[in-house]
Amino acid sequence: MILRVNTKANYLQLLEGGFDSSHVGVLHSNVARPGWMENAVQRSTDETNPAALAVDDNAPTLDPENTDFGFYYAAFRQAGDGSGTINVRIVPFIMPSTRIIPAPSLDFTVFETPADDESTNTFIVIHGKAPIDRAKMIALMGPRRSALLVGGRL
270 MILRVNTKAN YLQLLEGGFD SSHVGVLHSN VARPGWMENA VQRSTDETNP
320 AALAVDDNAP TLDPENTDFG FYYAAFRQAG DGSGTINVRI VPFIMPSTRI
370 IPAPSLDFTV FETPADDEST NTFIVIHGKA PIDRAKMIAL MGPRRSALLV
420 GGRL
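Read the sequence shown against my numbering and you will find it ends at 423, with the numbers running on by one and no gaps.
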């Protein structure tokens, strides 16, 4: 499935936000960390949601690695359950403006394409093992972002 979202922002702003591994647990808390408001975070079991984090750690240790295609980084997070378990999430960046966001059963390949200095066309290719529910994927983007969806008919 392919989605296109037009945003009134420079593509570097979207790229920088997309790279920030901590932004998911903060800006997408309701889907990434259910129960966060009650201080009782539970692991989201939605395998199609790339924002579903296995842990509540919003300050991961990052380990970047340069590659021939750009770079990738590994974000290391403590499980927080006293087990000593560490969650590792790897996000590749393919020059000049593509990143891959992993979810347990889907991958989201995101292309931030500048339209001009103040506008960006984002193309999101969703693929993987699980069936893809278009309405659900649009809802996961949040009402503000999904309102900008091009051809947004469900």
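Ideal Cβ placement from N, Cα and C applies to all residues, glycine included. Note that the coordinates shown come from a computational prediction; the quantities given were computed from them, not determined experimentally.
For residue i and residue j, what's the separation of their Cα atoms in angstroms?
i	j	result
S374	A278	30 Å
K398	T378	15 Å
A372	E316	6 Å
R302	G349	13 Å
Y341	N318	21 Å
G411	L418	11 Å
L272	R312	27 Å
M364	W305	35 Å
D337	I369	16 Å
L392	V360	This sequence places Phe at residue 392; Leu is not what is there. Looking at the two C-alpha atoms, the distance is approximately 17 Å.
DSSP has residue i in a bridge; who is on the other side?
i	result
G339	I363
F392	R273 and F380
P371	D376
Buried or exposed for residue i, going by 16 or more other Cβ atoms inside 10 Å?
i	result
E381	buried
N299	exposed
G353	exposed
V310	buried
R403	exposed
A320	buried
V429	Because the chain spans 270 through 423 in this model, residue 429 falls outside it and cannot be assessed.
**Cβ contact check for the region 318-333 and the region 382-389: 3 or more pairs under 8 Å** = No: fewer than three Cβ pairs fall under 8 Å.
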